[in-house]
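In my numbering, the protein residues as written are 141 to 422. Glycine residues also receive a C-beta, built at the ideal position from the N, C-alpha and C atoms. Here's the structure, in structure tokens; my notes come after.
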Amino acid sequence: MGNRPREVAALLESVAKQDVPPARVVVVGNGSPLPEFPEFPAEVTTVELAENLGVSGGRNVAWRRLREFGDVDVVVDLDDDGLLVDADVFRRVRDLYADDPRLGIVSFRIADETGETQRRHVPRLRASDPMRGGEVTTFLGGAHGLSMAMLEQIGGWPDEFFFTHEETDLAWRALDARWKVVYAPELLLQHPRTSPARHAVYHRMTARNRVWLARRHLPLPLVPLYLATWTLLTLARTRSLAGLRAWAGGFLEGLRTNCGRRRPMRWRTVWHMTKLGRPPII
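Quick look at the structure:
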């Protein structure tokens, strides 16, 4: 969004230090002009958007631009204020995908400058050990790899989500198409410790998109269970009255507005997610 020039420069420097260089690098200005990147050793493709399309829209622009080149097998998305600490991250990503043709999504581990991983950055219910990897049912938006073959099959990010839960929407579609979603904690992105509630639209978008997720992807008997579970959790966790009001408004918006095409997941996908430790009711 044009407000982190030094962070973007540092991120690109960490990308340049990878022992397996990226085939392509795309930087999207989400409603913002972009500077030139003359010091980066590889060519950087810049795309400047006239308006902010949100997280989903910006990532879709980058994906489609990479697809136009025709020589990219795996897309790695990185937050603009993140940093690759290790030089072997891309090599490890390459090897993971080479070893498993059904690997669709790889979620990195996100840790702050002290090495601590916030609980919300562990993509499973039992989050006490951030170093425990394996198959999961969602992934971290700040740093991940996506199979281009998978994206061609299931489609890209849900543009209308703008921000929050777009990763879960993509992960559920991937799982239903029998692609694997894996959390690989050895892949580290260093990221400042933050709260998602720092964004003014967080509570409204979280509620609206949660309802859209259920309406788009869950078998009908699970829709009320999923929404009831998250309503109770939100009431228990949210301490701000203004936040609860915004959340309630977003929930109603999610019920009343068009959520896009409904494609409920198969019951075998529900069972698979349950075996992985997170049935789609929470």
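- For residue 256, there is no enclosing beta strand (DSSP E), as DSSP gives it neither H nor E.
- Taken through DSSP and simplified to helix, strand or coil, residue 222 comes out as coil.
- In this structure, residue 405 keeps its C-beta atom at 8 angstroms or more from the C-beta atom of residue 364.
- Between residue 282 and residue 222, the C-beta gap is smaller than 8 angstroms, which places the two residues in contact.
- Within the stretch 301-381, complete beta strand (DSSP E) segments of at least 3 residues are found at 320-330, given in chain order.
- Per the Cβ contact rule, the stretch 344-359 is not in contact with the stretch 256-274 (fewer than 3 Cβ pairs under 8 angstroms).
- Under the three-state reduction of DSSP, residue 280 is assigned to coil, being neither helix nor strand.
- When secondary structure is reduced to three states using DSSP, residue 228 falls in the coil class, being assigned neither helix nor strand.
- Residue pairing from DSSP places residue 249 in a beta bridge opposite 328.
- Short of 8 angstroms from the beta carbon of residue 184, and not among the five residues preceding or following it, lie these beta carbons of its own chain, in chain order: 152, 165, 166, 167 and 177.
- Taking C-beta atoms under 8 angstroms as the contact rule, residue 252 and residue 332 qualify, at a distance of about 6 angstroms.
- Exclusion of the five residues before and after residue 290 leaves 244, 314 and 319 as the residues of its chain whose Cβ lies within less than 7 angstroms of its Cβ.
- For residue 185, the enclosing beta strand (DSSP E) stretches over residues 184-188.
- The Cβ atoms of residue 200 and residue 299 lie closer than 8 angstroms to each other.
- Assignment of residue 191 by DSSP, reduced to helix, strand and coil, places it in the coil class.
- In this structure, the straight-line span from the alpha carbon of residue 396 to that of residue 156 is close to 46 angstroms.
- DSSP places residue 174 in the coil class of the three-state scheme, outside both helix and strand.
- Secondary structure of residue 383 (DSSP, three-state): helix.
- DSSP lists no beta-bridge partner residue for residue 268.
- Residue burial annotation: residue 209 is exposed, with fewer than 16 other C-beta atoms found within 10 angstroms of its C-beta.
- For residue 155, the uninterrupted alpha helix (DSSP H) run begins and ends at 145-156, by DSSP.
- According to the DSSP assignment, residue 168 belongs to the beta strand (DSSP E) that extends over 165-169.
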